[in-house]
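What follows is a set of notes on a single structure, which appears directly below.
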Amino acid sequence: FNIDESDTFNISHTIHSLKFGDTYPHMPPDPLDDVVHIVDQETGSGLMQYYINLVPTKYKAVLDDGTHDELVTSQFSYTMKFRSVYGYDDFYAHEFFSQPNHHHA
32 FNIDESDTFN ISHTIHSLKF GDTYPHMPPD PLDDVVHIVD QETGSGLMQY YINLVPTKYK
92 AVLDDGTHDE LVTSQFSYTM KFRSVYGYDD FYAHEFFSQP NHHHA
């Protein structure tokens, strides 16, 4: 990467899906699913960094037959940082923890 050619370097991107483990019933989408970042000419190119915090999660459910089911998975939150080649920084913090719509005892 040559900084003199930064006007022609496009870091726009889409994250279709990012998972850390299996999903559980009624789990909302993960925070980075279908995230689109378009970097326009005014913003210019730069460095885009994602800092991800994993949270181990244990989902427990009582099945219809009375047995118990348990799933060990992960949730996450993230912070995104954009550092422009023009010398300014933008921070976007997104805290997100998946919560089931209902709980099973």
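First residue of the sequence shown: 32, per my numbering; consecutive thereafter.
Heads up, the beta-carbon is just placed ideally off N, CA and C, and yes, glycines get one too.
In this text the structure is predicted, and so the values were computed from the model without any measurement.
For proline 87 and aspartate 53, the gap between their C-alpha atoms comes out near 12 Å. Here threonine 39 carries a helix assignment [DSSP, helix/strand/coil]. Straight-line measurement puts the Cα of glutamine 106 at about 7 Å from the Cα of phenylalanine 51.
If you look at methionine 111, you'll find it in the beta strand (DSSP E) that goes 99-115. The beta carbon of glutamine 80 is closer than 6 Å to those of Lys112 in its chain, skipping five residues each way along the sequence. The residue among Tyr109, Ile69, Leu94 with its C-alpha nearest the C-alpha of leucine 102 is Leu94. Leucine 78 and aspartate 71 have their C-alpha atoms some 14 Å from each other. With 16 or more neighbouring CB atoms inside 10 Å of its own CB, tyrosine 90 falls in the buried class.
Every beta strand (DSSP E) stretch that sits fully inside the region 49-85 and reaches 3 residues is listed by chain position as 66-68.
Between the C-alpha atoms of serine 115 and aspartate 100 there is a straight-line separation of about 48 Å. In this structure, leucine 49 sits away from aspartate 65, with a CB-CB distance that is not shorter than 8 Å.
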